[in-house]
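Structure, as structure tokens:
Residue numbers (the working numbering): 96 to 509.
What follows is the structure, given as structure tokens:
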């Protein structure tokens, strides 16, 4: 399967820069139908689902399941006939298994009929067909405490070496015991952290024109050693850390640096869960690189919605109409600070600056390849032994490639 993101997506992000609606029912142009939403669980997606729910009537049923386990649920749920969910909200990587199994349908006809309000940059095309409608951009990037930097006389780090050196000074001066936090929970989160750092090397994840991995080399060892240096400045429980963990550590004032998702920016900068001193000293910027003018150690993502294949035409059309309303400018205006929205009229604020800066520094998109998920899973499963000091970097990367090759052969990619 050839996968192609529309070329305007990353470029359009570079240029991204209210009234209040009540929670009462709105007319979404749907007479009858069942709309059921499966998604991840964070504030921006809560806003989208809440707007969709306002389309509900006596004849239009709108339900939702917003769970951090959505990736584990989606394939089995969409295989049901009819599908258990009429729409899965996906990201750059989580759409791939649904594509591979034919569980989502092309949207071109529905876009032509009901999608006039959508921007061209929102239409995610696979082999020439619109398969998803993107509504927000995301990326992991650096959050730092400027007051901590001032105390040790350091400038904001532009490279990994500068980040590590400054964190060590903060630690040495007794300001913080574990000054860095990352989303390094064993599994998907850990795999993503390696992918981010490896992306900064400029090397490809696979040998050109093939599904053969390209990690057990100088670039892979460099990325893995960098990741270990960062985790050595993190709490020893780092293999349990996900986004909720790192956000909590930040709001409690326990870390000076964190690599977190841009979608956490609003919650970090609001007046809940932390103190004015911490919030006032928090700065969001692009992820460090290996050189001052190098590629940031991050990958660019989009989030968007799909329509399940195993649906009646009535429910598919109802779902499309409701989800167009769910990502309308009215929703965005009421929730402008919750995401970097790919919606007409969006103007970024301070919470979006880390994502915008990472885009402007030309971070690479996450590889939208049918076999990338297998490599991601192998990374998340095989890297803990190295990070815990139980094996060499080369051995860990060999283990990753071996695990990936087994899965790729089983699924017919090799």
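For each residue, glycine too, the CB sits at the ideal point set by N, CA and C. If you're wondering where the values come from, they're calculated on a predicted model, not measured in any experiment.
Residues of its chain near residue 380, where Cβ-Cβ distance is below 6 Å and the 5 sequence neighbours each way are ignored | Cβ contact annotation for residue 380 (same chain, cutoff 6 Å, sequence separation greater than five): 237, 449 and 452, in chain order.
Which residues mark the beginning and the end of the alpha helix (DSSP H) in which residue 426 is found?
-> Start and end: 424 to 429.
Buried or exposed by the 16-neighbour rule on C-beta atoms within 10 Å, applied to residue 320 = Exposed, by the Cβ-count rule.
8 Å Cβ cutoff met for residue 189 and residue 166 = Yes, Cβ-Cβ distance for residue 189 and residue 166 is below 8 Å.
Residues near residue 113 in its chain [Cβ-Cβ closer than 6 Å; skip 5 each side] | Any answer about residue 113 is weak, because its pLDDT of 31 lies below 50 and its placement is not dependable; what the coordinates show is given next. Answer for residue 113: 428, listed in chain order.
Who are the Cβ neighbours of residue 144 in its own chain at under 8 Å, not counting the five residues just before and after it?
-> Hits under 8 Å: 132, 134, 159, 161 and 421.
Where do the N-terminal and C-terminal ends of the alpha helix (DSSP H) with residue 497 fall, by residue?
-> DSSP places residue 497 in the uninterrupted alpha helix (DSSP H) bounded by 488 to 505.
Could you pull the start and end residues of the alpha helix (DSSP H) that residue 289 belongs to?
-> Its alpha helix (DSSP H) spans residues 283 to 294.
Secondary structure of residue 234, DSSP reduced to three states | DSSP places residue 234 in coil when its eight states are reduced to three.
Determine the burial state of residue 127: buried for a count of at least 16 other Cβ atoms within 10 Å of its Cβ, exposed for fewer.
-> Counting the other CB atoms within 10 Å of its CB gives residue 127 a total below 16, which places it among the exposed residues.
Pick from 311, 286, 439 and 360 that is closest to residue 487, judged by C-alpha positions | Of 311, 286, 439 and 360, the residue nearest in Cα terms is 311.
Which listed residue (288, 185 and 156) has its alpha carbon closest to that of residue 169 = Of the listed residues, the one whose Cα sits closest to residue 169 is 185.
CB of residue 354 within 8 Å of CB of residue 235, strictly = Residue 235 is positioned such that its CB atom lies closer than 8 Å to that of residue 354.
So residue 179 packs on residue 136, CB below 8 Å; how close in whole Å?
-> Not confirmed; about 17 Å, so no contact.
Whole angstroms is fine: what's the gap from residue 116's alpha carbon to residue 485's?
-> Any reading at residue 116 must be qualified, since the residue scores a pLDDT of 36, below 50, and its modelled position is unreliable; the value itself is stated next. Cα-Cα distance, rounded: 56 Å.
Within the stretch 122 to 209, ranges of the alpha helix (DSSP H) (whole runs, at least 4 residues) | Taking only runs of at least 4 residues, the alpha helix (DSSP H) segments lying wholly in the stretch 122 to 209 are 138 to 148, 165 to 174, 190 to 195 and 203 to 209.
Three-state secondary structure (DSSP) at residue 100?
-> Confidence is the limiting factor: at residue 100 the pLDDT is only 40, short of 50, which leaves the residue's position unreliable and the question unanswerable from this model.
Could you tell me which of 401, 492, 155 and 388 sits nearest to residue 458, measuring between CA atoms?
-> Measuring from the Cα of residue 458, the nearest candidate turns out to be 388.
Touching or not, the stretch 297 to 315 and the stretch 202 to 219, by the rule of three or more beta carbon pairs under 8 Å?
-> Three or more beta-carbon pairs separated by less than 8 Å are not found between the stretch 297 to 315 and the stretch 202 to 219, which leaves the two stretches without contact.
Assign residue 305 to one of three DSSP states: helix, strand, or coil.
-> When DSSP states are grouped into helix, strand and coil, residue 305 belongs to the coil group.
Nearest-angstrom Cα distance between residue 106 and residue 374?
-> Here the model assigns residue 106 a pLDDT of 44, short of 50, so the residue's position is not dependable, and the following value carries that caveat. Using only the alpha carbons, I get a separation of about 31 Å.
Would you check if the distance between the CB atom of residue 376 and the CB atom of residue 220 is smaller than 8 Å?
-> Contact: no.
Are there 16 or more other CB atoms within 10 angstroms of the CB of residue 383, so buried, or fewer, so exposed?
-> For residue 383, the number of other beta carbons within 10 angstroms of its own is at least 16, and it is reported as buried.
Would you report the Cα separation of residue 109 and residue 447, rounded to the nearest angstrom?
-> Since pLDDT at residue 109 reaches only 43, below the 50 mark, its modelled position is unreliable, and no value is offered.
Enumerate in chain order the residues of its own chain whose CB-to-CB distance from residue 494 is below 6 Å, with the five nearest sequence positions on each side excluded.
-> The answer, listed in chain order, is 477.
Touch test, the stretch 349 to 368 against the stretch 259 to 276, Cβ-Cβ under 8 Å, three pairs minimum | Output reads yes: the stretch 259 to 276 touches the stretch 349 to 368.
Taking only the alpha-carbon atoms, compute the straight-line gap between residue 271 and residue 432 and give it to the nearest angstrom.
-> C-alpha separation (whole angstroms): 30 Å.
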